[in-house]
Amino acid sequence: MIAVGLWAFIAIVLGTIYPTAVQKFVVEPNEFSQERPYIRRNIKATRDAFKLSTVDSKDFNFTQDLSPAVVEANLPTINNARLWDPGIIRSTYQTLQALQTYYQINDVDVDRYDINGQITQLMIAARELNSAGLPSSSWVNDHLVYTHGYGGTASPSNVAEADGSPKFVLSDVPAQGKNLPLSKKGAQIYFGESLDGFIITGAKNNEFNYARKGGVDAPTRYRGSDGIPLSNFVRRAAFALTLTDFNIMISGQLNSASKIHVRRDIKDRVKELAPFLDFDSDPYPVISNGRTTWIIDGYTTSDQYPNSQTYSGSGGLSGSYNYVRNSVKATVDAYTGKVKFFVIDSKDPIIQSYQKAFPKLFTAFDQMPTGLKDHLRYPEEIFKLQSDVFSKYHVNESRRFYTGNERWLLSPDPNSVFGIVPTSSRSSNSGRSPEISSTTKRQDPYYLYIRLPGDARESFLILQPFVPVSRDNQQTRLVSFMTAKSDTSDYGRLEAFVMPQGEQILGPVQVAANINKDTEISREITLLDQRGSQVISGNVQLIPVGTSIVYVQPIFTIASQGPNPFPQFQFVAVLVQGKAPVKAETVNAALVKLFGTFGTPEVPTTPSTPTTPSTPTTPSTPTDATISGLLAQATEKFNAANEALRAGDLGTYQQLVGEARDLIAQAQALLEQTSTVASRR
């Protein structure tokens, strides 16, 4: 009994009283010096564990004096500024391009493709099967006839048609799109993002492929080598028991050539093969060599990394981790369902262990087809997690980290601050500071095709803006933005651009506030609202142009009445700090309003000769007429160039500007000759 009491006394003293006393009388009086070595270890471990130790932090020497010459030097960046948001355009795609009730657009992704010789940022989606929308539901229809989706749809992210709909480069059934051609097999989507249940191919009846004009069905048969043969009664009985569907065993439509396909959901498919990996929640389709292939990012994670801080992610990274790597790119053929796992981070020790355990499961990254490498994306989910960690751990000096004064936050999402509200509310609230709290939704990162300061060419990357930490969460100025590159040559390269201290550089919420209270833009939104439409504000995008920033926010409307309303693009608001926001049909056109023709020379006018009443005017000479004609042609070329620029046709713009300059040079040469002749008389 005494021994038990002694043990209890020791437990209380050593387990509670002693640690409390040490904290109170030893640590707290000199807390930083006591905790410095632990802080230092935590900083290093956390940065290493989340792959932030290689972030290239650099100063962004911001200037608000954006010049026409800088704009012209960055035209590919301007040309690819996004007008469409993936979340907004999905319902537009669904309404305009699902085409039939048995098709659906589940998700829209951002990627880049070569369109007419120009790398162009596209919105792209697969047209998948919607089993709930079949004309009639029966066992044969559900499992033998309607077996697959068909094709997809894509449109440039930087332009819209005159009616506010996307300008499609891939559309319709059968697929129409010379820039994204699909073969007959490549257009058929047997494996996708939301395909439940099983199908059976090779049955006696044909499968439905698509509806021809006139309502005639186009039949097809699966020609792939994949699928599990139902070649005998025993196999059919086994699947009937496993899937609790005895039609598999008794149906007269099946024969020895029939094959069953299960696990058609691509996320379930990769998870079944590699359950030890975490997979991104946002697969995306790639059209290459006439086929559709899904790419899914795979992650290795741990919560056992020594001294590293634990963070929680979202989507496929929704658990709590203190170590994460984007180690794998999984591909799934949309026709055959064939899965490959390509190791993209061979230095990750966890994936190295899995490679040793399952050598036939993984493939070296250099064996990935070039057509797929060209469409790699640094995944949003790991970038969001890294950005969250970096907002605190960008400070790597112990004392500054301890004080916490330099901590950042992900920028608040302007649309969660202002919301989708009627114009009257916008006007009455325009002078009021937005209400932001610690629970306000933070802005998601977004993909861009831009040239960063110091780079020689454009890159496809993902970007996240930061604002400073403040006690009342009201500090919304921009302090930094972080990027991650996606191109194969520098995949996963993280860069942070830090704004000059003490300067008030607009953050996304401030930009949205300035746009909302602009008189001309508010008037336009009021008119749209009065026509019975709901106004939707798109994402505020921060686009670095040289050492300046162009801010972009597209505006959409949805009709309040009518069948199947969908978002339609109305205009884009563009803001350059120090100037009033402007609106136009494209970002290019908005910048033309601000800067004219981007540094192209003004068309010179022929100097006129003063006349007096006593001196009759001299008729124009043939040379005068030639000069006037050349200048008139140059003016037409410049006007046509600006129209091409507004339409997003950079190649035509540059060609026409060059031709106009040649015409001006000819006119100037003739003018000099005329002046020389006149001086000799």
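Going by our numbering, the sequence shown opens with residue 4, and the numbers climb by one from there.
The C-beta atom is built at its ideal place from N, Cα and C for all residues, glycine as well.
Own chain, CB closer than 6 angstroms to residue i, minus 5 neighbours either side, in chain order
i: ALA178; result: GLY154, LEU185, ALA190
i: GLY180; result: VAL172, LEU173
i: SER305; result: TYR326
i: LEU198; result: ARG267, ASP268
i: GLY510; result: SER414, VAL470, THR479, ARG480, LEU481
i: ASN144; result: LEU137
i: LYS711; result: In the structure displayed, the chain extends from 4 to 684; residue 711 sits before or after that span and is not available.
Alpha carbon of residue i to alpha carbon of residue j, nearest angstrom
i: PRO22; j: GLU38; result: 15 angstroms
i: GLU383; j: ILE91; result: 18 angstroms
i: ALA315; j: LYS444; result: Rather than Ala, the amino acid found at residue 315 in this sequence is Ser. If you take the alpha carbons of SER315 and LYS444, they lie about 16 angstroms apart.
i: SER414; j: GLN478; result: 10 angstroms
i: GLN504; j: LEU99; result: 48 angstroms
i: ILE552; j: ASP112; result: 25 angstroms
i: VAL579; j: ASN325; result: 39 angstroms
i: GLN358; j: ASP229; result: 25 angstroms
i: PHE574; j: ASN161; result: 11 angstroms
i: LYS47; j: ARG496; result: 19 angstroms
i: ALA587; j: VAL289; result: 32 angstroms
i: PRO448; j: THR245; result: 43 angstroms
i: GLN669; j: LYS640; result: 14 angstroms
i: ARG429; j: ILE528; result: Since pLDDT at ARG429 reaches only 40, below the 50 mark, its modelled position is unreliable, and no value is offered.
i: VAL514; j: LYS582; result: 12 angstroms
i: ILE298; j: ASP475; result: 42 angstroms
i: PRO570; j: GLY217; result: 30 angstroms
i: SER291; j: VAL273; result: 21 angstroms
i: LEU183; j: ILE465; result: 24 angstroms
i: ALA135; j: TYR149; result: 11 angstroms
i: ILE263; j: PHE345; result: 27 angstroms
i: ALA108; j: ARG403; result: Note on identity: in this sequence residue 108 is Ile, with Ala being the wrong assignment. C-alpha separation (whole angstroms): 49 angstroms.
i: ASN642; j: VAL548; result: 25 angstroms
i: LEU666; j: ARG460; result: 31 angstroms
i: LEU125; j: HIS146; result: 34 angstroms
i: SER317; j: THR303; result: 15 angstroms
i: LEU531; j: GLN467; result: 31 angstroms
i: LYS187; j: ASN209; result: 16 angstroms
i: GLY541; j: GLN556; result: 6 angstroms
Contact set for residue i: own chain, Cβ-Cβ below 8 angstroms, skip 5 residues either direction
i: GLY535; result: ALA562, SER563, GLN564
i: PRO625; result: Here the model assigns PRO625 a pLDDT of 42, short of 50, so the residue's position is not dependable, and the following value carries that caveat. Result list for PRO625: empty, nothing under 8 angstroms.
Residues that DSSP places opposite residue i in a beta bridge
i: MET485; result: GLN467, ALA499
i: ILE546; result: VAL553
i: ALA84; result: Partner(s): none; ALA84 has no beta bridge.
i: TRP142; result: Looking at the DSSP assignment, TRP142 forms no beta bridge with any residue, so it has no partner.
i: HIS397; result: HIS397 is not bridged to any residue.
i: ALA129; result: GLY155
i: ILE231; result: ILE263
i: THR560; result: VAL538, GLN571
i: LYS61; result: PHE500
i: LYS170; result: BP columns for LYS170 are empty, so no partner.
Residue i - containing beta strand (DSSP E), residue span
i: PHE572; result: 571–579
i: VAL335; result: 326–336
i: TYR405; result: No beta strand (DSSP E) holds TYR405; the alpha helix (DSSP H) holding it covers 401–406.
i: ARG294; result: 294–305
i: ARG115; result: 112–118
Span of the alpha helix (DSSP H) around residue i
i: GLN100; result: 89–100
i: THR373; result: 373–376
i: THR529; result: 522–533
i: PRO511; result: 511–519
i: LEU3; result: What the structure shows of the chain is the stretch from 4 to 684, and residue 3 is not part of that stretch, so it cannot be assessed.
i: LYS586; result: Element bounds for LYS586: not the alpha helix (DSSP H) but the beta strand (DSSP E), 585–587.
i: ASN591; result: 590–598
i: LEU185; result: Where LEU185 is concerned, there is no enclosing alpha helix (DSSP H), given that its DSSP letter is neither H nor E.
i: SER356; result: 352–360
Check: residue i C-beta below 7 angstroms from any heavy atom of the ligand MG
i: PHE598; result: For the ligand MG, the structure offers nothing, since it holds no ligand at all.
Contact set for residue i: own chain, Cβ-Cβ below 7 angstroms, skip 5 residues either direction
i: PRO622; result: Here PRO622 scores only 41 on pLDDT, less than 50, and its place in the model should not be relied on; the value that follows carries that caveat. If we look at PRO622 and ignore the five residues flanking it on each side, it has no Cβ neighbours.
i: THR550; result: PHE63, ASN64, PHE65, THR66, PRO456
i: PRO286; result: GLU196, ILE269, LYS270, TRP297, ILE298, ILE299
Cβ contact check for the region 260–280 and the region 330–340: 3 or more pairs under 8 angstroms: Because the criterion of three Cβ pairs below 8 angstroms is met, the region 260–280 and the region 330–340 touch.
Inter-stretch contact at 8 angstroms, needing at least 3 Cβ pairs: the region 299–317 / the region 199–210: Not touching, per the Cβ criterion.
Cβ pair count under 8 angstroms reaching 3, the region 76–86 against the region 128–139: Per the Cβ contact rule, the region 76–86 is not in contact with the region 128–139 (fewer than 3 Cβ pairs under 8 angstroms).
Inter-stretch contact at 8 angstroms, needing at least 3 Cβ pairs: the region 521–541 / the region 58–67: Contact between the region 521–541 and the region 58–67 is absent: fewer than 3 CB-CB pairs across the two stretches fall below 8 angstroms.
The region 132–146 / the region 157–170 touching (three or more Cβ pairs under 8 angstroms): Three or more Cβ pairs closer than 8 angstroms define a contact, and the region 132–146 falls short of that threshold against the region 157–170.
Cβ pair count under 8 angstroms reaching 3, the region 255–271 against the region 232–241: Yes: at least three Cβ pairs fall under 8 angstroms.
Cβ contact (3+ pairs, closer than 8 angstroms) linking the region 495–510 and the region 525–535: Counting Cβ pairs under 8 angstroms, fewer than three are found: no touch.
Cβ contact (3+ pairs, closer than 8 angstroms) linking the region 364–374 and the region 387–403: Under the three-pair Cβ rule at 8 angstroms, the region 364–374 does not count as touching the region 387–403.
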